[in-house]
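Okay, structure first, notes after.
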DNA sequence: TATTGTTATACTCTATAACTATA
DNA sequence: TATAGTTATAGAGTATAACAATA
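Chains as they are written, first to last, in our numbering: chain A, 1 to 187; chain B, 1 to 187.
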């Protein structure tokens, strides 16, 4: 398929460069998506090291900066997680004094979420870092290619919006067959 | 942007468009990567429904078809997971009679992994489905754009190969602060 | 009755550590 | 000592269900 390297990757007597196995082994979107996501998560996490903030927490903070007063359900939908999970993340951020929950006056079921001054301060400080990290991800490409990649990704995502929901890529409960129940148990 | 549906999904007389929140809220690669991965996982999982096979199991099967006799560590490295995890997946597939472990004669520590005839048969049957699914993912794009997207992704992934390792995007053990230990406990 | 959010719980995924066998 | 693999364990992520408050 790709034929990138000459060296073998079962690597006996690989005494020179090209010792590293081929990273990209096929050109399937699903595979590339997983690798791409791995890379992005790793780079973002690295850039947030020491801040004690996760990627999703950052996403929430960014969202509250953009849409102050948003409620939890909409927050969840916006960043692509389940509402329960959004509640938990907000819990964490609230416990750290970064986010504030207010009861919506008009609809007392809903919680208006806002950054506290402290949260806003953190947001301001982290923003350039985050921007730089995201640019660094695309560094292997030329500027016009970077824009192109983003455009194409956006179109694929919006074109498949129906599938862009959390948890759809997991096994259903109980569908996992506990090995050992089956035939072969290892000795 | 996408105008996916006019109807609401919480079914409360939403009589106009723009009821659905915008799916793509920013153009940050890290965000797009997560959404793109969500979509791919969802579509692949859907296409495998009923087979009782997960995306990673399929990846292992595909890899063993391409590189028969590969050992577990290299398998893990190839598809981007940790060796322990590879062992577990192979466990599952072995229990179902799809994969076979042989002790390597030259190095008796290593296990040569191969598809069983049954595994190969499954692979042959699933392959066209998988191909179609991956094409369907890119359906929103024109053919030449599809190739372009793949090329760009490959380059970004290979350019950031250092970061393409499993688990790099998670919290370290114990770094998660159990809320409730902190100040604000909810009432 | 429907919706927002919370609490409780449990399952899946996947990493770390310790161990065995082999080199 | 170093490497391939396994077993054990546990933590992170995230779903489901039941509930409370409000609409």
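C-beta atoms are modelled at their ideal positions from N, C-alpha and C, and glycine is treated no differently. Keep in mind it's a predicted model, so treat the numbers as computed, not measured.
In chain B, what lies closer than 7 Å to residue 45/A by C-beta?
For the purposes of this step, residue 45/A is identified with residue 45 of the first chain, where counting begins at 1. Ordered by position in chain B, the residues that pass the 7 Å Cβ test against residue 45/A are 168, 169.
Verify whether the separation of the beta carbon atoms of residue 23/B and residue 147/A is less than 8 Å.
The residue you call residue 23/B lines up with position 23 of the second chain. The residue you call residue 147/A lines up with position 147 of the first chain. The answer is no: Cβ separation not under 8 Å.
Does residue 100/B have its Cβ less than 8 Å from a Cβ in chain A?
What you label residue 100/B is simply residue 100 of the second chain in a count that begins at 1. No - not a single Cβ of chain A is within 8 Å of the one on residue 100/B.
Let's see if you can read the secondary structure: which residues bound the beta strand (DSSP E) around residue 103/B?
Walking along the second chain from the start, residue 103/B turns up at place 103. 99-103 is the span of the beta strand (DSSP E), which, as asked, contains residue 103/B.
Do we get a CB-CB distance below 8 Å when we pair residue 29/A with the residues of chain B?
On the first chain, position 29 is the one that residue 29/A refers to. Judged by the 8 Å Cβ criterion, residue 29/A is in contact with chain B.
Is there at least one Cβ from chain B nearer than 8 Å to residue 35/A's Cβ?
Your numbering for residue 35/A matches position 35 in the first chain. Answer yes: the Cβ-Cβ gap between residue 35/A and chain B drops below 8 Å somewhere.
Let me see if you follow: with CB-CB separation under 8 Å, is residue 144/B close to chain A or not?
For the purposes of this step, residue 144/B is identified with residue 144 of the second chain, where counting begins at 1. No, no contact with chain A.
For residue 140/B, would you say it is in contact with chain A, using Cβ-to-Cβ distances shorter than 8 Å as the test?
If you number the second chain from 1, residue 140/B lands on position 140. So, interface residue.
Name the chain B residues that come within less than 7 Å of residue 134/A, Cβ to Cβ?
Here residue 134/A refers to the residue found at position 134 when the first chain is read from its first residue. In chain order: 28, 29, 30.
Candidates 93/A, 119/A, 70/A, 81/A: which alpha carbon is nearest residue 103/A's?
For this step, residue 103/A is matched to residue 103 along the first chain. It is 70/A whose Cα lies nearest to the Cα of residue 103/A.
I need the boundaries of the alpha helix (DSSP H) containing residue 112/B, first residue and last residue.
Walking along the second chain from the start, residue 112/B turns up at place 112. Per DSSP, residue 112/B belongs to no alpha helix (DSSP H); it is in the beta strand (DSSP E), 111-115.
For the alpha helix (DSSP H) that contains residue 35/A, what are its first and last residues?
On the first chain, position 35 is the one that residue 35/A refers to. Segment 29-48, the alpha helix (DSSP H) holding residue 35/A.
Assuming residue 62/B contacts residue 36/A (C-beta within less than 8 Å), just tell me the rounded distance between them.
As a working note, residue 62/B is residue 62 in the second chain. As a working note, residue 36/A is residue 36 in the first chain. Rounded, the Cβ-Cβ distance is 18 Å, inconsistent with contact.
Answer yes or no: does any C-beta atom of chain A fall closer than 8 Å to that of residue 187/B?
Working through the second chain from its first residue, we reach residue 187/B at position 187. Because the pLDDT at residue 187/B is just 30, under 50, the model does not fix this residue reliably, and the point stays unresolved.
Taking just the CA atoms, how far does residue 91/B sit from residue 199/A?
Coverage of chain A is limited to positions 1 through 187, which leaves residue 199/A absent and any answer about it impossible.
Can you find a CB in chain B that lies within less than 8 Å of the CB of residue 23/A?
Translated into the one-based positions of the first chain, residue 23/A becomes position 23. Interface residue, yes.
Residue 89/B versus chain A: which residues are under 8 Å apart at the beta carbon?
Stepping through the second chain from its first residue, residue 89/B is reached at position 89. Those within 8 Å of residue 89/B in chain A number zero; the least Cβ separation is about 10 Å.
Classify residue 144/A: buried if its beta carbon has 16 or more other beta carbons within 10 angstroms, exposed otherwise.
Counted from its first residue, the first chain places residue 144/A at position 144. Flag for residue 144/A reads exposed.
Give the interface partners of residue 155/B over in chain A, defined as CB-CB distance under 7 Å, in chain order.
Translated into positions along the second chain, residue 155/B becomes position 155. Simply 140, 141.
Identify the continuous alpha helix (DSSP H) that holds residue 160/A and give its terminal residues.
For the purposes of this step, residue 160/A is identified with residue 160 of the first chain, where counting begins at 1. Premise fails: residue 160/A is in no alpha helix (DSSP H) and is neither H nor E.
At a CB-CB cut-off below 9 Å, which residues of chain A make contact with residue 57/B?
Taking the second chain and counting its residues from 1, one reaches residue 57/B at position 57. Those within 9 Å of residue 57/B in chain A number zero; the least Cβ separation is about 10 Å.
Hey, residue 30/B and residue 55/A are a contact pair by Cβ (cut 8 Å); roughly how many whole angstroms apart?
Here the question's residue 30/B lines up with position 30 in the second chain. Here the question's residue 55/A lines up with position 55 in the first chain. Confirmed, about 7 Å.
Let me see if you follow: with CB-CB separation under 8 Å, is residue 64/B close to chain A or not?
Here the question's residue 64/B lines up with position 64 in the second chain. It does not: the Cβ of residue 64/B has no partner Cβ on chain A nearer than 8 Å.
With DSSP collapsed to three states, give me the class of residue 78/A.
Walking along the first chain from the start, residue 78/A turns up at place 78. Helix.
Could you check if residue 84/A is buried or exposed, using at least 16 other CB atoms within 10 Å of its CB as the buried criterion?
By 1-based counting over the first chain, the position of residue 84/A is 84. Residue 84/A should be labelled exposed.
Drop a sphere of 10 angstroms on the beta-carbon of residue 119/B, count the other beta-carbons inside from all chains shown, and report buried for 16 or more, exposed for fewer.
As a first step, residue 119/B must be located in the second chain, where it is residue number 119. With 16 or more Cβ atoms within 10 Å of its Cβ, residue 119/B is classed as buried.
Which residues of chain B have a Cβ atom closer than 7 Å to the Cβ of residue 39/A, listed in chain order?
On the first chain, position 39 is the one that residue 39/A refers to. By Cβ distance, chain B contributes 157, 160, 163, 164.
Is the beta carbon of residue 27/A closer than 8 Å to that of residue 150/B?
Walking along the second chain from the start, residue 150/B turns up at place 150. Walking along the first chain from the start, residue 27/A turns up at place 27. In this structure, residue 27/A lies closer than 8 Å to residue 150/B by Cβ.
Given a cut-off of 8 Å on the beta-carbon distance, is the pair residue 163/B and residue 53/A in contact?
Your numbering for residue 163/B matches position 163 in the second chain. Your numbering for residue 53/A matches position 53 in the first chain. Taking 8 Å as the Cβ cut-off, residue 163/B and residue 53/A do not qualify as a contacting pair.
What separation, rounded to the nearest whole angstrom, lies between the Cα atoms of residue 168/B and residue 41/A?
Here residue 168/B is taken as the residue at index 168 of the second chain, counted from 1. Here residue 41/A is taken as the residue at index 41 of the first chain, counted from 1. The alpha-carbon atoms of residue 168/B and residue 41/A are separated by roughly 7 Å.
Near residue 110/B, what residues of its chain come up, given a Cβ to Cβ distance below 7 Å and the 5 sequence neighbours on each side ignored?
Here residue 110/B refers to the residue found at position 110 of the second chain. Excluding residues within five positions, the ones whose Cβ falls inside 7 Å are 71, 104.
From residue 25/B to residue 59/B, what does the alpha carbon distance come to, in whole angstroms?
For the purposes of this step, residue 25/B is taken as the residue at position 25 of the second chain. For the purposes of this step, residue 59/B is taken as the residue at position 59 of the second chain. So the two alpha carbons sit approximately 31 Å from each other.
Is the Cβ of residue 179/A closer than 8 Å to any Cβ of chain B?
Residue 179/A sits at position 179 when you count from the first residue of the first chain. Its pLDDT being 44, under 50, residue 179/A is placed unreliably by the model, and the measurement read from it follows with that caveat. Yes, its Cβ sits closer than 8 Å to a Cβ of chain B.
Return the first residue and the last residue of the alpha helix (DSSP H) that residue 192/A is part of.
Missing from the structure shown is residue 192/A; chain A here goes from 1 to 187 and no further.
Does DSSP classify residue 67/A as helix, strand or coil?
Taking the first residue of the first chain as position 1, residue 67/A is located at position 67. DSSP places residue 67/A in coil when its eight states are reduced to three.
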